[in-house]
Amino acid sequence: MRNIIDILIEKWLFNRVKHNYYNSFRDISHMSNNDSHFYLINFGILSLKFFKLKHITDLINQFKNSIKFKNKIGIITLNNYSKKYIRYVSEIAEIFDIPIIVLFKKELYMIKENTIKIINNSDYFYFKTTKFYFLNNSSDILYQLMDIRLENPHFLIVNNAYCHLQKYELNSISSALSTYLIAFDKNKLSIYKPENNNSIEYKLKEHFILKFNIITLSNLKNGITKFDEKKIELLLKYI
1 MRNIIDILIE KWLFNRVKHN YYNSFRDISH MSNNDSHFYL INFGILSLKF
51 FKLKHITDLI NQFKNSIKFK NKIGIITLNN YSKKYIRYVS EIAEIFDIPI
101 IVLFKKELYM IKENTIKIIN NSDYFYFKTT KFYFLNNSSD ILYQLMDIRL
151 ENPHFLIVNN AYCHLQKYEL NSISSALSTY LIAFDKNKLS IYKPENNNSI
201 EYKLKEHFIL KFNIITLSNL KNGITKFDEK KIELLLKYI
């Protein structure tokens with residue numbers, strides 16, 4: 001028999017979710033319907049323990065504030081694991097239509113359908129029309145780069161805790177393949193954009209929202225950078 005406390009928690013928790021969700025649509029004029037932008041939302045560190053239930057309620061409020069963004073994906077860093085609370089997070093994320101990538105003990109996971117599934121090397125998925133490709137092992141980098149070019153993702157997610165790629169290598173990959181590159185490394189996240197060749201670091205414990213222009217990226221993919229020999233040569237030089 002399920003614990004009566006768990007039942008009461010779920011009833012209170014999902015009543016709160018429904019309240020926040022439907023209140024968010026009272027004024028839909030603030031919702032962004034711009035398909036040219038994609039948002040990456042970092043929700044910080046989440047502790048999935050009973051006495052840290054406040055973290056989940058805080059997460060609900062962050063989900064509510066993010067509902068105005070049409071195309072988005074969320075990132076959560078876990079410092080412990082609980083199947084029960086993973087299910088809570090999954091159900092809440094589905095209500096708010098936010099796919100979630102989880103970082104837990106150096107591994108990347110996807111929360112989907114009340115389960116947490118590890119993301120393997122060369123995995124890819126779509127969120128609506130935006131494609132994500134994952135690189136967790138750089139032991140055969142030349143072959144993998146060819147595969148990434150064929151897959152032609154909008155975002156390349158690199159788990160640099162295992163790939164150990166240098167900044168100039170990550171920047172060269174982003175530029176040569178005309179893809180937004182997101183690198184996870186310990187407690188930080190780095191963003192590489194092919195349109196400016198700059199990298200910016202963010203601390204995963206902080207809450208932040210990043211905006212990406214998919215139209216700009218498509219122009220790069222279909223323009224001169226679709227096969228820029230100089231950038232490819234620079235990339236190969238450092239491998």
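Here the sequence shown stands for residues 1 to 239, numbered as in my numbering.
The beta-carbon is built from N, C-alpha and C at its ideal position, and this holds for glycine as well.
What is the DSSP secondary structure of Thr57, counted as helix, strand or coil? helix
Which of helix, strand or coil does DSSP assign to Tyr81? In the three-state reduction of the DSSP assignment, Tyr81 falls in the coil class.
Leaving out the 5 sequence neighbours to the left and right, which residues in its chain are closer than 7 Å to Ser36 when beta-carbon positions are compared? Asn213, Ile214, Ile215
Please list, in chain order, all residues of the same chain as Ala93 whose beta carbon is under 6 Å from its beta carbon, the five residues on each side excluded. Ile100
By a C-beta neighbour count over all protein chains shown, 10 Å radius and 16 as the cutoff for buried, is Thr179 buried or exposed? Looking at its Cβ environment, which holds 16 or more other Cβ atoms inside 10 Å, Thr179 is buried.
Assuming Leu48 is part of the alpha helix (DSSP H), what are its boundary residues? No alpha helix (DSSP H) contains Leu48, which DSSP labels as neither H nor E.
Any idea which residues DSSP pairs Lys68 with across the strands? None; Lys68 has no bridge partner.
I think Tyr124 touches Lys131, with their Cβ atoms under 8 Å apart; what is that distance to the nearest whole Å? Rounded to the nearest angstrom, the Cβ distance from Tyr124 to Lys131 is 6 Å, consistent with a contact under 8 Å.
Of the listed residues Tyr88, Lys72, Ser66, nearest to Ser47 (C-alpha basis): Tyr88
On the three-state DSSP scale, how would you describe Ser199? strand
Which class does Ser174 belong to by DSSP, given the choice of helix, strand or coil? helix
Ser175: buried (16+ other C-beta within 10 angstroms of its C-beta) or exposed? buried
Fully enclosed by the stretch 84-133, which beta strand (DSSP E) runs are 3 residues long or longer? 100-104, 107-112, 115-118, 124-127
Kindly give me the distance between the Cβ atoms of Leu108 and Ile98, rounded to whole angstroms, as I take these residues to be in contact under 8 Å. Contact flag wrong, Cβ pair sits at about 16 Å.
Rounded to whole angstroms, what's the CA-CA distance from His164 to Leu217? Just pull it up for me. Approximately 26 Å between the Cα atoms of the pair.
Would you say Tyr133 and Ile111 are within 8 Å of each other, going by their C-beta atoms? no
Just mark Leu156 as buried or exposed, buried being the case when its beta carbon has 16 or more other beta carbons within 10 Å. Sixteen is the threshold: when 16 or more other Cβ atoms of the shown chains lie within 10 Å of the Cβ of Leu156, as they do, the residue is buried.
Contact set for Asp185: own chain, Cβ-Cβ below 7 Å, skip 5 residues either direction: Asn160, Ala161
Kindly indicate which three-state DSSP category Lys186 falls into: helix, strand or coil? coil
Any idea what DSSP makes of Asn213, helix, strand or coil? strand
Kindly indicate the opening and closing residues of the alpha helix (DSSP H) around Leu142. 141-151 is the extent of the alpha helix (DSSP H) around Leu142.
Ile200 to Ile191, Cα distance in whole Å? 5 Å
Is the distance from the Cβ of Ile56 to the Cβ of Asn79 below 8 Å? No, these two residues do not count as a Cβ contact at 8 Å.
Ile75, buried or exposed, once every other Cβ within 10 Å from all chains shown has been counted against 16: buried
When you compare only the Cα positions, how much space is there between Asp58 and Tyr143? 43 Å
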